[in-house]
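First comes the structure, then the notes that go with it.
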Amino acid sequence: MKKTHIFSFMTALALIGFYSCSHNRSMEGDYDPNDTGYEYAPEGDMYNSVAYDPYSQFEDEDIRVVDRNSNHLNPDTMNMRYPAKGTVARGKLNFYFPYPNTPEGYERAGTEVKSPMLANTQTMAEGKRLFETYCWQCHGMESSPKGSIVAAGKFPPPTWDFERKNLLKTLSDGKMFFSITYG
Numbered sequence: 331m332k333k334t335h336i337f338s339f340m341t342a343l344a345l346i347g348f349y350s351c352s353h354n355r356s357m358e359g360d361y362d363p364n365d366t367g368y369e370y371a372p373e374g375d376m377y378n379s380v381a382y383d384p385y386s387q388f389e390d391e392d393i394r395v396v397d398r399n400s401n402h403l404n405p406d407t408m409n410m411r412y413p414a415k416g417t418v419a420r421g422k423l424n425f426y427f428p429y430p431n432t433p434e435g436y437e438r439a440g441t442e443v444k445s446p447m448l449a450n451t452q453t454m455a456e457g458k459r460l461f462e463t464y465c466w467q468c469h470g471m472e473s474s475p476k477g478s479i480v481a482a483g484k485f486p487p488p489t490w491d492f493e494r495k496n497l498l499k500t501l502s503d504g505k506m507f508f509s510i511t512y513g
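The sequence shown runs contiguously to residue 513 in the numbering used here.
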């Protein structure tokens with residue numbers, strides 16, 4: 331009989347212990363899914379990391395307290411560095427190339443956009459290198475629709491009139507750039 335009471339007491343104690351570890355209700359009984367309950371060593375934020383504000387900075391030199399919401403490896407103790415000059419943010423290409431993907435945008439780009447590159451042997455060699463890296467798989471080495479991917483039947487041939495090859499030689503810089511940009 332004594333063993334039964336001890337076993338019942340130990341079982342009740344274990345259930346109370348488990349309940350207290352997983353208890354995430356307030357005293358009023360309201361359930362809060364964001365309440366993590368009790369944690370071991372909560373002062374060090376070992377389990378829940380501090381969310382950093384990207385461009386925040388705070389430092390008080392007088393009292394020698396540094397806000398933990400700042401990064402001292404970056405300039406001005408900001409958490410995130412400003413983007414490098416000349417970079418284009420994802421999805422913001424239309425800000426730098428303001429021509430819509432329409433026939434009117436194609437014609438307008440053809441008259442307004444000029445290439446900043448000079449047509450010399452160095453830029454032609456770089457263009458050839460880029461073509462052989464990115465374009466020949468579909469367009470073939472002679473700019474025909476007989477690239478290795480097309481020949482294998484993986485994709486249909488590129489959709490421009492290959493009978494008018496001289497068209498590319500007379501195409502304006504803006505129309506070429508438009509076609510490369512929008513495909």
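Backbone N, C-alpha and C define an ideal beta-carbon position, used for all residues, glycine too.
> Start and end of the alpha helix (DSSP H) containing K458?
Replying inline: T451 to Y464
> CB-CB under 7 Å to R438, same chain, minus the five flanking residues each way: which ones, in chain order?
Replying inline: Y429
>> If contacts are defined as beta-carbon pairs under 8 Å, then V480 and C465 qualify, I think. What distance do you get, rounded to the angstrom?
In response: V480 to C465, Cβ: 12 Å. No contact.
> Are K505 and Y412 closer than 9 Å when you measure CB to CB?
Replying inline: With a cutoff of 9 Å on beta-carbon distance, K505 and Y412 are scored as not near each other.
>> Taking 9 Å as the threshold (C-beta atoms), are S502 and V443 in contact?
In response: Going by C-beta atoms, V443 is nearer than 9 Å to S502.
>> Tell me the rounded alpha-carbon separation between A515 and M410.
In response: There is simply no residue 515 to check, as the chain begins at 331 and stops at 513 in what is shown.
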